[in-house]
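Residue 1 is where the sequence shown starts when you use my numbering, and the numbers rise one by one after that.
For glycine and all other residues, C-beta sits at the position ideal for the given N, C-alpha and C.
Everything on this sheet refers to the single structure shown next.
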Amino acid sequence: MQPWFFLSDRKKEKIQLPRKMSLKNLPEKPEILSQDWTFSVYVPNVGPKEKVVITGSTAELGEWNYKKCVILDYMEEKGIWTRNLVIPNTCDVFYRYAICLINEENNDIIVRKWETHIHPRVIKENILEPGTDIFGEYDGKQKICRGWLTSQTLVQFKFMNSPLKLKSRLGGRLMNIKVTPVQLSFGTEPHVEDSSLSTDTMDVEVPMGVYVEVATLDDDPAICHLQPQEQFGREYKQDGVLLVNVFAPNPKGLAYLIDFYSYSTQASIEDPPCHIGYTYVLPNMFKPSEGNLELPVTCNVKHRPLGTVNFEYLIVCPMEDSLCKLDVSYTKHWDPTWTGLEVGHRGLGASFKTKEGNAIRENTIASLKKAAASGADMLEFDVQLSKDMIPVIYHDFHVCISMKRKKEVDFTEMLELPVKDLTLEHLQKLKVYHLVEGRNHEILFFDEDLEEHQPFPTLEEALKALDEHVGFNIELKWTMEMEDGTFELNNPFDMNTYVDKVLEVVLKNAGQRRIVLSCFNPDICTMVRNKQNKYPVMFLTVGVTEKYQPYRDPRCLSIPAAVQNAISSDILGIVAHTEDLLRDPTQVKLAKDAGLVLFCWGDDNNDKNTIMKLKEMGLHAVIYDKLDQYITKEVKESIFLMEARESQRDIMRMAALDALPLSDASSSTHTMGDSATRPFLDLSVRHKVGVPSTVTSLESLASTIEIRDEPVDKKLKRNRDLIMSIDKESQVKEQRGTFKGLFPAGDASKGSPKKSRVNDL
């Protein structure tokens with residue numbers, strides 16, 4: 001044997017043996033395109049009616065569609081879930097596990113929990129034998145998230161603002177509140193009150209697929225998180241907030257029994273609480289999305305009225321279109337390197353607050369583009385629905401229309417109309433004015449001939465017109481009840497319809513853009529979190545302030561309350577008012593210690609020194625006006641664009657190294673760490689490589705690739721020459737393609753080509 005034989009790549013350098021004239025050509029062996037693979041996973045704490053399923057990037061694994069996921073078989077003797085499946089042998093196979101409830105009658109699937117690592121599990125070419133996975137644990141991290149509404153409905157009971165008003169002898173006593181779903185099938189099911197109203201403390205058996213979770217807004221994180229309801233319910237604290245979530249496949253067939261328990265003053269620690277009273281809630285009492293009920297509380301012994309209970313409710317329905325898959329989720333994902341992001345408020349800033357407002361009208365395509373070109377990491381803007389249910393970008397709930405006679409030139413009076421009462425055509429074609437312009441009779445913008453400067457661009461237009469590497473913070477505008485009982489806007493759309501229309505546009509048009517959804521209304525945040533599984537949600541809060549009239553909802557009154565609500569709603573974080581943060585900077589630590597992402601907003605942010613101070617305080621993002629003037633960056637580019645370029649450089653570096661012989665490639669890749677072998681590049685690793693490049697073309701990227709031992713092989717030079725020869729049009733296309741790596745699992749459904757796992761003979 002010659003020494004060079006062992007130094008070369010046998011898969012690339014094939015030895016040509018001389019053939020004799022008398023020998024016949026041997027037939028080539030067919031390439032094996034698929035193989036059997038045994039998936040096995042250990043899953044602790046699986047409920048009695050739950051199943052473990054697998055989904056993935058191939059047709060055999062359902063292509064990330066939760067309706068096509070594959071149910072695994074439980075091997076009780078080994079304590080694992082397993083299934084033998086056929087998988088392709090010519091590409092990487094990506095997959096995830098989930099815990100589901102499956103209705104055998106109609107095959108509806110409810111996703112209870114699922115793995116949400118940004119990088120899904122992968123079967124690569126160097127993995128020849130399957131192993132046993134552990135649910136939620138992968139790549140040294142544990143990531144499990146709650147599911148979303150697929151076929152079930154969420155009915156949330158909100159007990160707050162002192163809901164119980166009982167007889168004086170019971171006044172002041174601490175009460176436990178329990179909500180029990182009851183199947184409405186009269187004549188066939190036993191009466192639930194037989195057990196509920198007796199001294200027997202056995203739980204009523206809930207219908208199939210129905211489960212109840214509770215959360216109490218409190219300084220103790222243990223009771224802030226949603227947990228299964230206890231046997232005697234959850235204690236309601238005076239002036240507190242108790243949330244009870246009931247998830248049900250068929251809520252119209254359920255009634256709800258609300259029981260009240262209290263401990264006797266003479267009871268020992270071991271004694272159970274006494275059953276005080278109860279009330280019933282029938283499904284026909286509910287409005288479609290939200291409302292409040294005041295019901296009598298009946299004594300459990302004498303069956304006489306004890307008082308009343310007043311509570312609010314929220315009904316969250318699943319979206320009609322199945323727009324969510326299991327390929328990736330960012331609902332609880334925030335890269336630790338994303339700190340101090342600079343966010344353009346309404347694009348380049350509010351333009352009607354002061355006389356010296358911006359030269360560009362707020363919430364327009366022109367304003368958004370200018371802020372993006374000035375280096376904004378994200379753009380914040382407001383979205384609401386037109387009369388024909390099209391999401392448009394606009395801040396105020398009302399607009400003004402001039403009232404004038406046909407022959408009059410100047411308007412004499414302005415008519416204020418809600419945005420929701422005008423169609424998209426009306427909003428875009430009528431001469432409408434901002435409230436400030438209408439009330440002051442002063443026109444501030446003369447931009448009728450500039451298309452991108454027009455108000456009321458659609459959300460879809462913004463998603464398509466703005467560079468994909470600029471993130472969006474989309475604020476959903478929704479009316480709120482003020483402390484005095486008035487509303488910001490009367491008779492809005494049905495809440496479910498409103499949220500569905502906005503989410504539909506986002507899920508269909510967002511592509512690879514980073515998106516955060518936010519709202520001042522905590523119920524909207526609950527809806528957005530439960531209706532979809534892809535984008536994170538943040539709760540906007542005013543907190544303690546004298547600038548704005550307070551809301552009635554106690555979850556909106558302070559930053560600690562907002563933190564508690566974010567934890568109970570299982571959302572990413574909060575967007576706090578800077579005035580309150582500067583008043584008490586310890587609240588920054590409070591939110592971050594709770595594991596929340598923290599943005600801030602407010603007029604105080606419109607100062608370069610304040611922006612720098614907020615960054616030093618550890619804010620994840622600062623939302624402010626006039627970003628082109630106050631931006632603190634040296635390089636006026638989005639952090640996500642910089643990451644895209646760095647990712648592109650890494651991809652091209654690996655592609656160039658693949659052209660080297662095995663010995664040279666191995667000597668060059670040993671300094672690259674795990675990124676040379678991973679299917680995707682971790683965003684947190686990119687910043688360790690060096691300062692992100694600001695080059696803009698593939699030629700420039702190719703020239704910056706670090707090549708070790710370049711003279712060794714001329715193939716590398718040819719590879720570089722090939723890159724240099726790409727024309728401008730294809731450069732743009734290839735750039736866009738490689739940017740998909742920003743959302744690593746986004747390309748997982750397609751898979752990446754690789755060699756067969758079966759050894760060549």
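#1: Smallest Cα separation from G171: which of D133, F247, Q238?
#2: Once the 5 residues before and after F94 are set aside, which same chain residues still bring their CB inside 6 Å of it?
#3: Roughly how many whole angstroms lie between the Cα atoms of V505 and H303?
#4: Quick check on H577: buried or exposed, where buried means 16 or more other Cβ atoms within 10 Å of its Cβ?
#5: Hey, could you find the ends of the beta strand (DSSP E) R112 is sitting in?
#6: Which of the three DSSP states, helix, strand or coil, is assigned to C100?
#7: Leaving out five residues on either side along the sequence, give the residues of the same chain with a beta carbon under 8 Å from the beta carbon of G781.
#8: Quick one: grab the DSSP three-state call for K165.
#9: Between the alpha carbons of K508 and C324, how many angstroms are there, rounded?
#10: Who does R83 pair with in a DSSP beta bridge?
#11: Considering just the uninterrupted stretch of the beta strand (DSSP E) at Y394, what are its terminal residues?
#12: Quick one: residues in its chain with C-beta nearer than 6 Å to the C-beta of T671, no 5 flanking neighbours on either side, listed in chain order?
#13: Please tell me whether D625 and A350 are closer than 8 Å, where the distance is taken between their beta carbons.
#14: Would the beta-carbon of V563 fall within 8 Å of that of L596?
#15: What do you reckon, are the CB atoms on L242 and V210 nearer than 8 Å?
#16: How should D36 be labelled, buried or exposed, when 16 other C-beta atoms within 10 angstroms of its C-beta is the threshold for buried?
#17: Quick one: measure Cβ to Cβ for E481 and Y551, integer angstroms, because I've assumed they're closer than 8 Å.
#18: For a test of the three-state rule: what should DSSP assign to S151, helix, strand or coil?
#19: Could you tell me the boundaries of the alpha helix (DSSP H) in which R513 lies?
#20: Measure the Cβ-Cβ separation of A631 and E312 and say whether it is below 8 Å.
#21: For V383, which of helix, strand or coil comes out of DSSP?
#22: May I have the straight-line CA-CA distance separating P44 from E137, to the nearest angstrom?
#23: Hey, how far is the Cα of D92 from the Cα of L128?
#24: Measuring alpha carbon to alpha carbon, tell me which of Q629, V635, M642 ends up nearest G347.
#25: Relative to the alpha-carbon of A644, which residue among S151, V470, K547, R234 has its alpha-carbon at the smallest distance?
#26: Is the region 149 to 163 in contact with the region 326 to 340, if contact means three or more CB pairs nearer than 8 Å?
#27: Between C600 and G277, what straight-line distance do the alpha-carbon atoms span, to the nearest angstrom?
#28: Roughly how many whole angstroms lie between the Cα atoms of R720 and A656?
#29: Are P767 and T497 close, meaning C-beta to C-beta below 8 Å?
#30: Does the region 251 to 265 come within contact of the region 219 to 226, defined as at least 3 CB pairs closer than 8 Å?
#31: Secondary structure at P336, three-state DSSP: helix, strand or coil?
#32: Excluding sequence positions up to five away, which residues of its chain have a Cβ less than 6 Å from the Cβ of N310?
#33: Quick check on the burial criterion: 16 or more other C-beta atoms within 10 angstroms. Buried or exposed for Q231?
#34: Let's test the definition: count the other Cβ atoms within 10 Å of the Cβ of Q454 and tell me whether it reaches 16, buried, or not, exposed.
#35: How about Y42 and I134: do their beta carbons lie closer than 8 Å?
#36: For Q648 and F381, what's the separation of their Cα atoms in angstroms?
Well, looking at it:
#1: Your numbering for residue 171 matches position 171 in the sequence shown. With distances taken between Cα atoms, G171 lies closest to Q238.
#2: Looking up residue 94 in the sequence shown gives position 94. G56, S57, P120, V122, A748.
#3: Translated into positions along the sequence shown, residue 505 becomes position 505. Translated into positions along the sequence shown, residue 303 becomes position 303. The alpha-carbon atoms of V505 and H303 are separated by roughly 52 Å.
#4: Locating residue 577 in the sequence shown gives position 577, counting from the first residue. So H577 counts as buried.
#5: In the sequence shown, counting from the first residue as 1, residue 112 sits at position 112. Here the beta strand (DSSP E) through R112 covers 109 to 115.
#6: The residue given as residue 100 occupies position 100 in the sequence shown. In the structure shown, C100 sits in a strand (DSSP, three-state: E or B).
#7: No answer is possible for residue 781: it lies beyond the span of the chain, which begins at 1 and ends at 761.
#8: Your numbering for residue 165 matches position 165 in the sequence shown. DSSP places K165 in strand when its eight states are reduced to three.
#9: Here residue 508 refers to the residue found at position 508 when the sequence shown is read from its first residue. Here residue 324 refers to the residue found at position 324 when the sequence shown is read from its first residue. Rounded to whole angstroms, K508 to C324 spans 10 Å at the Cα level.
#10: By one-based count along the sequence shown, residue 83 stands at place 83. Looking at the DSSP assignment, R83 forms a beta bridge with F39.
#11: Along the sequence shown, one-based indexing puts residue 394 at 394. Premise fails: Y394 is in no beta strand (DSSP E) and is neither H nor E.
#12: The sequence position of residue 671 within the sequence shown is 671, counting from 1. With a pLDDT of only 43 at T671, under the threshold of 50, the placement of this residue in the model should not be trusted, and no figure is reported.
#13: Numbered from its first residue, the sequence shown carries residue 625 at position 625. Numbered from its first residue, the sequence shown carries residue 350 at position 350. Their beta carbons are under 8 Å apart, which means D625 touches A350 by this criterion.
#14: Here residue 563 refers to the residue found at position 563 when the sequence shown is read from its first residue. Here residue 596 refers to the residue found at position 596 when the sequence shown is read from its first residue. Yes, Cβ-Cβ distance for V563 and L596 is below 8 Å.
#15: One-based indexing of the sequence shown puts residue 242 at position 242. One-based indexing of the sequence shown puts residue 210 at position 210. Their beta carbons are not under 8 Å apart, which means L242 does not touch V210 by this criterion.
#16: Working through the sequence shown from its first residue, we reach residue 36 at position 36. Its Cβ having fewer than 16 others within 10 Å, D36 is exposed.
#17: Along the sequence shown, read from residue 1 onward, the residue named residue 481 stands at position 481. Along the sequence shown, read from residue 1 onward, the residue named residue 551 stands at position 551. Right, the Cβ-Cβ distance comes to about 7 Å (below 8 Å), so this counts as a contact.
#18: One-based indexing of the sequence shown puts residue 151 at position 151. If DSSP states are grouped into helix, strand and coil, S151 belongs with coil.
#19: Your numbering for residue 513 matches position 513 in the sequence shown. Element bounds for R513: n/a, residue is neither H nor E.
#20: Mapped onto the sequence shown, residue 631 falls at position 631. Mapped onto the sequence shown, residue 312 falls at position 312. The sequence shown places Ile at residue 631, not Ala. Against a cut-off of 8 Å, the Cβ pair of E312 and I631 comes out as no contact.
#21: Reading the sequence shown from its first residue, position 383 is the one you call residue 383. DSSP places V383 in strand when its eight states are reduced to three.
#22: For the purposes of this step, residue 44 is identified with residue 44 of the sequence shown, where counting begins at 1. For the purposes of this step, residue 137 is identified with residue 137 of the sequence shown, where counting begins at 1. P44 and E137: Cα-Cα distance of roughly 12 Å.
#23: In the sequence shown, residue 92 corresponds to position 92, counting from 1. In the sequence shown, residue 128 corresponds to position 128, counting from 1. Approximately 12 Å, taken between the alpha carbons.
#24: On the sequence shown, position 347 is the one that residue 347 refers to. Of the listed residues, the one whose Cα sits closest to G347 is Q629.
#25: Within the sequence shown, the letter at position 644 stands for residue 644. A644 has its Cα closest to that of V470, out of S151, V470, K547, R234.
#26: no
#27: For this step, residue 600 is matched to residue 600 along the sequence shown. For this step, residue 277 is matched to residue 277 along the sequence shown. If I take the Cα positions, the gap works out to 45 Å.
#28: Here residue 720 refers to the residue found at position 720 when the sequence shown is read from its first residue. Here residue 656 refers to the residue found at position 656 when the sequence shown is read from its first residue. Here R720 scores only 45 on pLDDT, less than 50, and its place in the model is too uncertain to base an answer on.
#29: The requested residue 767 is not part of the displayed model; the chain covers only 1 to 761.
#30: no
#31: As a position in the sequence shown, residue 336 is number 336, starting the count at 1. Coil.
#32: If you number the sequence shown from 1, residue 310 lands on position 310. P163, E294.
#33: Position 231 of the sequence shown, counted from the first residue, corresponds to residue 231. Result: exposed.
#34: Your numbering for residue 454 matches position 454 in the sequence shown. Buried: at least 16 other Cβ atoms inside 10 Å.
#35: In the sequence shown, counting from the first residue as 1, residue 42 sits at position 42. In the sequence shown, counting from the first residue as 1, residue 134 sits at position 134. The answer is yes: Cβ separation under 8 Å.
#36: The residue given as residue 648 occupies position 648 in the sequence shown. The residue given as residue 381 occupies position 381 in the sequence shown. Whole-angstrom Cα-Cα distance: 30 Å.
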